Amino acid sequence: MTEELFIPESALIKKRSDEVISVRNLYKSFGKNKVLIDFSASLYAGENVVVLGKSGSGKSVLIKCNIGLIRPDQGSIEVLGKRILELEQDELDKIRAKVGFLFQSNALYDSMTVRENLEFQLRRHRIKISQQEVDELVKNTLEDVGLVHTIDMMPVELSGGMRKRIALARTLILKPEIILYDEPTTGLDPITGKGIIELMLAIQNKYKSSSIIISHDMNCVRMVSDRVIMLIDGACYAEGTYEEIIKMNDPKIKEFFE
Amino acid sequence: MVLPAKTARFFQETGDVAKFTGRFFSQWFRPRYEVTEFFRQCFVIGYKSLPLIGLTGFIMGLVLTMQLRPSLVEYGVESQLPAMVGIAIVREIGPVIMALIFAGKIGSSIGAELGSMKVTEQIDAMEVSGTNPFKYLVVTRVFAATMMLPVLVLLGDAISLYGSYLGVNIRGITSFRLYWAQIFDNLAFSDVIPAFIKTFFFGFAVGIIGSYKGFHSSKGTEGVGRSANSAVVVSSILIFIIDLIAVQITDLLGFN
Ligand SMILES: Nc1ncnc2c1ncn2[C@@H]1O[C@H](COP(=O)(O)OP(=O)(O)OP(=O)(O)O)[C@@H](O)[C@H]1O
Ligand SMILES: [Mg+2]
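One line per chain: the protein sequences are S and D, in this order. For the first sequence, position 26 matches number 26 in the numbering used here, and the numbering has no gaps at all. Positions in the second sequence are counted from 1; adding 258 to them yields the numbering used here.
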């Protein structure tokens with residue numbers, strides 16, 4: 001504790017006390033395909049960080065590492081102060097209850113109704129609450145995303161945008177401290193996409209959560225990002241605010257903003 | 259020594275299936291037990307395949323009886339018809355045919371279901387919801403398949419023998435009671451028990467192969483189709499292999 005006083009200022013930038021996710025020197029390859037090469041980055045409380053990168057650059061792999069779905073070959077990951085690569089299953093599940101994950105393909109359980117999809121999330125984390133409270137929570141969360149009327153529908157009956165909202169509701173029901181969004185607007189028309197972005201901002205406001213957003217939708221980047229991280233060649237190639245990034249004169253970065 | 263690519267892949271996959279089976283045995287007895295999901299799967303698996311097994315069983319019994327009659331008539335042992343059909347169905351044809359149908363129906367549906375859950379990240383979603391997907395999805399399905407196939411085969415055998423009763427009665431009349439008496443007089447415990455025991459293994463093979471193929475489905479809808487398809491092919495072959503081993507064992511133990 002007292003040691004912190006003697007840390008030089010340059011080091012303090014790297015280790016702030018409000019850091020909620022810290023990824024250090026991450027390496028991951030699939031066979032010969034080197035996806036992440038010495039990637040390091042941080043997420044601080046209350047901010048929205050957008051990770052920009054080409055398709056196949058390893059963005060999904062990166063956030064899946066953060067929640068223990070993919071094990072990196074090397075490196076360390078701290079989430080809410082816990083080194084998740086060293087945790088026992090029970091401990092890991094406790095962290096997972098605090099971190100929401102919106103999957104690129106929504107990952108709604110097709111064999112369950114919307115209600116069951118949301119309930120599953122609550123029940124499985126063994127949170128002790130009565131059925132009445134569960135019903136209440138499901139209803140409130142669906143209200144947040146504006147889809148209470150779909151409560152007894154199956155996911156196949158919903159449109160793409162609605163499915164995204166339900167997936168978001170399922171992520172939100174545990175009131176996570178951190179939310180990881182994997183391409184929340186990809187595959188949606190611009191108007192629906194904008195709706196999702198507004199919803200994300202509203203949630204951010206309401207729950208005061210921090211989030212990592214993966215995207216290549218410039219609209220999304222401009223509207224939500226407090227900070228942008230460029231994932232190029234498997235590493236954190238550059239970072240800064242949206243304004244800073246678009247002014248950078250690097251050809252690899254310029255590509256994204258043409 | 260370099261193995262041809264196909265052979266190497268075969269051994270690779272056999273090893274992977276063995277590992278997968280090992281994982282099943284190392285996980286099934288540890289808590290948390292997914293009891294509700296297990297019973298749900300039993301219901302789904304049993305209920306889904308019952309009509310098909312009933313229908314094919316019935317036809318099989320009927321046809322087998324009609325086909326056997328001319329030969330028996332030739333040797334003047336027509337009265338042995340129920341006994342022969344009973345033994346054939348209970349010992350061999352019933353378990354194997356029904357297991358194959360079960361593989362076609364349940365193996366493919368487990369393969370396709372888990373495969374599509376895999377490619378649409380539903381399995382990942384389960385994992386982050388504090389659920390062990392292997393236990394929740396695989397252990398329950400494999401157990402349900404192992405438990406339900408024997409039940410289905412017993413029911414199927416009974417329906418099949420009833421079909422055979424009708425077959426006997428197409429020409430010549432046998433009373434219902436006499437028919438059953440003839441069947442049970444000729445069926446010993448040593449006919450029923452080994453046949454019953456092997457159906458557990460058939461069910462297990464169908465469950466584990468379907469789950470394995472689904473869990474290792476490659477991306478895309480084509481990958482899901484392929485898992486469903488190869489789940490059926492591989493488990494059907496396995497059923498015959500298990501049958502072959504079972505007959506050797508019963509032979510060695512003198513159950514014949
Ligand atoms: N389970 C896996 N096994 C093998 N290779 C994988 C696996 N997951 C990802 N990869 C590879 O890792 C690379 C990065 O994949 P990833 O899904 O992270 O890309 P992405 O940046 O999210 O792309 P997109 O924008 O298209 O979603 C790809 O080349 C992919 O083929
Ligand atoms: Mg991705």
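C-beta: ideal position from N, C-alpha, C; glycine also. Quantities reported herein were computed from a predicted structural model and do not represent experimental measurements.
### Query
Mind checking if Phe120/S is an interface residue toward chain D, Cβ cutoff 9 Å exclusive?
It does; some Cβ of chain D falls within 9 Å.
### Task
Take the Cβ of Phe297/D as the centre, count every other Cβ of all protein chains shown within 10 Å, and call the residue buried at 16 or more, exposed below.
So Phe297/D ends up on the exposed side.
### Residue range of the unbroken beta strand (DSSP E) whose run includes Met230/S
Taken as a continuous stretch (DSSP letters only), the beta strand (DSSP E) holding Met230/S covers Arg227 to Ile232.
### Task
Could you say which of Leu43/S, Ile67/S and Asp73/S lies nearest to Gly31/S if we only look at CA atoms?
Distances from the alpha-carbon of Gly31/S to those of Leu43/S, Ile67/S and Asp73/S put Asp73/S closest.
### Classification of Asn33/S by the beta-carbon crowding that lies within 10 angstroms, buried from 16 upward
Asn33/S comes out exposed.
### Query
Hey, is the region 471-482 of chain D in contact with the region 500-508 of chain D, meaning 3+ C-beta pairs nearer than 8 Å?
With fewer than three CB-CB distances shorter than 8 Å, the region 471-482 of chain D does not count as touching the region 500-508 of chain D.
### Message
Please report the distance separating the alpha-carbon of Leu62/S from that of Leu52/S.
### Response
In a straight line, the C-alpha of Leu62/S is about 12 Å away from that of Leu52/S.
### Message
Does chain D have any CB closer than 9 Å to the CB of Ser55/S?
### Response
It does not: the Cβ of Ser55/S has no partner Cβ on chain D nearer than 9 Å.
### Query
What residues does ligand 2 have around it, judged by CB closer than 7 Å to any heavy atom, in chain order?
Proximity annotation: ligand 2 has residues Lys59/S, Ser60/S, Gln104/S, Asp182/S, Glu183/S and Ile214/S in chain order, each selected because its CB is closer than 7 Å to a heavy atom of the ligand.
### Query
Does DSSP classify Val35/S as helix, strand or coil?
In the structure shown, Val35/S falls within a strand segment according to DSSP collapsed to helix, strand and coil.
### Message
So within the region 399-453 of chain D, which uninterrupted alpha helix (DSSP H) runs reach at least 4 residues, ignoring any that extend past its ends?
### Response
Qualifying alpha helix (DSSP H) stretches, in chain order: 434-444.
### Query
Name the chain D residues that come within less than 7 Å of Ala169/S, Cβ to Cβ?
Within chain D, no residue comes near Ala169/S; the closest Cβ sits about 13 Å away, beyond 7 Å.
### Query
What residue from Met162/S, Gln131/S, Lys82/S and Pro155/S has the CA that sits closest to Glu143/S's CA?
Considering only alpha carbons, the answer is Met162/S.
### Query
Taking only beta-carbon atoms, is Thr389/D less than 9 Å away from chain S?
Chain S contact via Cβ: present.
### Message
Tell me the residue span of the beta strand (DSSP E) that contains Asp182/S.
### Response
Looking at the DSSP string, the run of the beta strand (DSSP E) that includes Asp182/S is Ile178 to Asp182.
### Message
For Gln121/S and Lys264/D, I'd like the C-alpha separation in whole angstroms.
### Response
Distance between the alpha carbons of Gln121/S and Lys264/D: 42 Å.
### Message
With a threshold of 8 Å (Cβ to nearest heavy atom), would Asn140/S be considered close to ligand 1?
### Response
No, the beta carbon of Asn140/S sits no closer than 8 Å to any heavy atom of ligand 1.
### Task
Tell me whether Ile232/S counts as near ligand 1, meaning its Cβ is closer than 8 Å to at least one heavy atom of that ligand.
No, the beta carbon of Ile232/S sits no closer than 8 Å to any heavy atom of ligand 1.
### Task
Mind the definition here: the region 352-365 of chain D touches the region 426-435 of chain D only if three or more C-beta pairs lie below 8 Å; say whether that holds.
No, they do not touch.
### Task
Express the C-alpha separation of Phe454/D and Gly468/D in angstroms, rounding to a whole number.
Looking at the two C-alpha atoms, the distance is approximately 22 Å.
### CB contact check: Ile212/S to chain D, cutoff 9 Å
Judged by the 9 Å Cβ criterion, Ile212/S is not in contact with chain D.
### Query
Short check: CB of Glu19/S to CB of Leu43/S, under 9 Å?
Contact check for Glu19/S against Leu43/S passes: the beta carbons are separated by less than 9 Å.
### Sequence-distant residues of its chain with Cβ nearer than 8 Å to Asn117/S (five each side left out)
If we look at Asn117/S and ignore the five residues flanking it on each side, its Cβ neighbours are Leu108, Tyr109, Pro155, Ile166 and Arg170.
#### Entry: Ser210/S versus Leu168/S, Ile21/S and Glu47/S, residue with shortest Cα-Cα distance
Out of Leu168/S, Ile21/S and Glu47/S, Glu47/S has the C-alpha closest to the C-alpha of Ser210/S.
### Task
Give the range of the beta strand (DSSP E) segment to which Phe256/S is assigned.
In the DSSP annotation of this structure, Phe256/S is not part of any beta strand (DSSP E), being labelled neither H nor E.
#### Entry: For Glu3/S, the three-state DSSP class (helix, strand or coil)
Residue confidence is low: Glu3/S scores 44 on pLDDT, short of 50, so the model does not pin down where it sits. No coordinate-derived value is stated.
### Task
Might you give, ordered along the chain, the residues of its own chain that have their beta carbon closer than 7 Å to the beta carbon of Gly187/S, omitting 5 neighbours on each side?
Same-chain partners within the cutoff: Gly160.
### Query
Closest to Glu78/S by CA distance: which of Leu158/S, Ile178/S and Lys252/S is it?
For the options Leu158/S, Ile178/S and Lys252/S, the alpha carbon positioned closest to that of Glu78/S is the one of Ile178/S.
### Query
Which residues in the same chain have their Cβ closer than 6 Å to the Cβ of Lys252/S, if we skip the five residues on either side of it in sequence?
Residues Ile232 of the same chain have their beta carbon placed closer than 6 Å to that of Lys252/S, with the five preceding and five following residues left out of the count.
### Query
Looking at Gly461/D and ligand 3, is the gap between the Cβ and the nearest heavy atom below 8 Å?
Of the ligands this structure carries, namely ligand 1 and ligand 2, none is ligand 3.
### Query
Nearest to Arg288/D by CA position, among Gly421/D, Asn390/D and Thr404/D, is which residue?
Check the Cα spacing between Arg288/D and each of Gly421/D, Asn390/D and Thr404/D: the tightest is with Asn390/D.
### Task
May I ask you to report which of helix, strand or coil DSSP gives Arg298/D?
Residue state, collapsed to three classes: helix.
### Query
Just reading off the alpha helix (DSSP H) that Ser485/D is part of, what are its end residues?
Run containing Ser485/D: Thr479 to Leu510, per the alpha helix (DSSP H) assignment.
### Query
Terminal residues of the continuous beta strand (DSSP E) containing Phe30/S?
That run of the beta strand (DSSP E) goes Glu19 to Phe30.
#### Entry: Contacts around Gly481/D, its chain only, beta-carbon distance under 7 Å, and the 5 residues preceding and following it disregarded
Excluding sequence positions up to five before and after Gly481/D, its CB lies within less than 7 Å of the CB of Gly373, Val377 and Ser475, all in the same chain and listed in chain order.
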